[in-house]
Each structure stands twice: as structure tokens, then as C-alpha cells.
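Colleague: Numbering (this note's numbering), first residue to last: 3 to 115. Using N, Cα and C, we set each Cβ at its ideal position, and we do this for glycine too. Quantities reported herein were computed from a predicted structural model and do not represent experimental measurements. One structure, as C-alpha cells, below. Some questions next.
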């Protein structure tokens with residue numbers, strides 16, 4: 003899991019994963035769409051492949067890179083465990099903010115939008 007976060011922590015790799023959501027692409031296509039040169043794209047794809055986020059398949063003379071679902075599913079499941087905690091804390095924070103607004107209004111400190 004840590005390797006997945008580390009790989010996605012680099013902005014170009016994150017952008018590549020976002021681009022691959024729409025389907026497999028060749029290195030040159032990825033580079034053209036993201037404004038990166040071929041060696042940069044290849045380096046980032048190697049890292050993503052090493053952590054299991056992408057897979058490569060040969061089609062004629064091209065190599066197409068696509069996302070692998072399993073590591074992304076694991077990441078989603080891991081984050082889901084924390085989502086409930088976050089949502090509860092945000093709900094509590096919403097209650098506190100509403101309470102503060104109500105106190106401001108009752109004391110005549112209403113802010114104009």
C-alpha cells in the first residue's frame with residue numbers, strides 16, 4: 003500500500019494514472035497529452051508498473067499501458083475504512099459551525115455576505 007501512495011505522490015505519475023482511466027495508451031500518446039518527453043513517460047510508467055498500478059501489452063509495434071484494477075481496489079478499500087471517521091468528524095464540525103453562527107446572530111453580530 004505504501005508503494006502505491008509513494009508512486010501516486012509524484013504529480014506526473016498521478017496525471018498518467020488519471021489519463022489511463024479512459025483506457026490503455028502508448029507512451030508517445032501519454033507524453034503528447036501531458037507535455038512530457040518519451041524518456042520521462044517511460045521512467046514514470048516503469049515506477050507505476052513496478053508497484054503494480056499499470057500493465058503493459060504489446061500490440062503490433064506498440065506497447066500499450068493500462069491500469070490494473072486490483073491495486074486501485076485495495077487502495078479504495080483501505081481509504082473506505084477511514085471515510086466513515088472523516089464523515090463523522092465533518093458532521094460534528096458542521097454542528098459546531100452552525101452553533102457558532104446561531105450565537106453570532108443572537109448577539110447581533112450577523113455578518114453580511
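Output needed for residue 58: all residues of its chain with C-beta closer than 6 Å, excluding positions within five of it in sequence on either side, in chain order.
Modeller: Within the chain shown, the letter at position 56 stands for residue 58. The residues are 65, 67.
Colleague: With a Cβ-Cβ cutoff of 8 Å, do residue 8 and residue 50 count as a contact?
Modeller: Taking the chain shown and counting its residues from 1, one reaches residue 8 at position 6. Taking the chain shown and counting its residues from 1, one reaches residue 50 at position 48. No. Outside cutoff.
Colleague: Can you check DSSP and say which residues form a bridge with residue 56?
Modeller: Taking the first residue of the chain shown as 1, we reach residue 56 at position 54. Residue 56 pairs with 69.
Colleague: Please confirm whether residue 1 and residue 44 have their CB atoms less than 8 Å apart.
Modeller: Nothing can be reported for residue 1, as the shown portion of the chain is limited to 3 through 115.
Colleague: Residues in the same chain with beta-carbon distance under 8 Å from residue 3, minus the five sequence neighbours each way, listed in chain order, please.
Modeller: Translated into positions along the chain shown, residue 3 becomes position 1. Closer than 8 Å at the Cβ level, and outside the excluded window around residue 3, lie 76, 77, 80.
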